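In terms of our numbering, the sequence shown opens at residue 36 and continues consecutively.
Just so you know, even glycine gets a beta-carbon here, dropped at the ideal spot from N, CA and C.
The structure presented is a predicted model; accordingly, all values stated were derived computationally and were not measured.
Read the structure below first, then the notes.
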Amino acid sequence: MEKSSFFDRMISHLRATSKYYTGYPKDLGLSRVIPLTSEREFVQLLHEGRPIVVAFTIRCAYTAHLDKVLEEAAVQFYPQIKFMRAECPKYPGFCITRQWKDYPFIEIFYSPEKAVNRGRVVDPNITKYSVKVLPYNYDVSAYGFREFFKRHGIRLSTPNN
Numbered sequence: 036m037e038k039s040s041f042f043d044r045m046i047s048h049l050r051a052t053s054k055y056y057t058g059y060p061k062d063l064g065l066s067r068v069i070p071l072t073s074e075r076e077f078v079q080l081l082h083e084g085r086p087i088v089v090a091f092t093i094r095c096a097y098t099a100h101l102d103k104v105l106e107e108a109a110v111q112f113y114p115q116i117k118f119m120r121a122e123c124p125k126y127p128g129f130c131i132t133r134q135w136k137d138y139p140f141i142e143i144f145y146s147p148e149k150a151v152n153r154g155r156v157v158d159p160n161i162t163k164y165s166v167k168v169l170p171y172n173y174d175v176s177a178y179g180f181r182e183f184f185k186r187h188g189i190r191l192s193t194p195n196n
């Protein structure tokens, strides 16, 4: 039997011990994607004044991939932009108001401003806000989010940086 060369032994060892690397799982630390627990929490996040990327999801194969992409993007854009995941079966009212039929989908909420009171005020304790909402239809990746933010003038850095 012929003695194998060093290169052949190295390659066979590499093949035996390595698995195909797809880029996941990456060590991203703690999750930066905020799960939606209530609409009140969502409104409080809006009042912070930072854009919020909300992924409206249901259980499907694509959602697992979307979760990984959101995690990666959330780490990259933290703390300037918040990422949130809304599971539509748990919060149907929040998702139905968006009036989309295809799930999962992503929308970006930003720039909350106090709305002008029109007509009669029912309850003086209620404050209405006007929020800009952009449907996200770019590449679902950290790069796609960056390009989308550039195109729509959403700043990615604070004035101090």
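For I131, the enclosing alpha helix (DSSP H) stretches over residues 127–131. Cα atoms of G128 and Q111: separation of roughly 30 Å, rounded to the nearest angstrom. For E83, no beta strand (DSSP E) encloses it, and the DSSP letter there is neither H nor E. By the criterion of at least three beta-carbon pairs nearer than 8 Å, the region 83–99 is in contact with the region 116–124. L80 and T92 do not touch by the CB rule: their CB atoms are close to 18 Å apart, not below 8 Å. DSSP places T98 in the helix class (H, G or I) of the three-state scheme.
The residue from T98, H187, F42, R94 with its alpha-carbon nearest to that of K167 is H187. Annotated three-state conformation of S176 is coil, per DSSP.
Membership of I69 in the beta strand (DSSP E) is indicated by the continuous run 68–70. Take P70, set aside five residues on each side of it, and the residues of its chain with a beta-carbon closer than 7 Å to its own are R120, in chain order.
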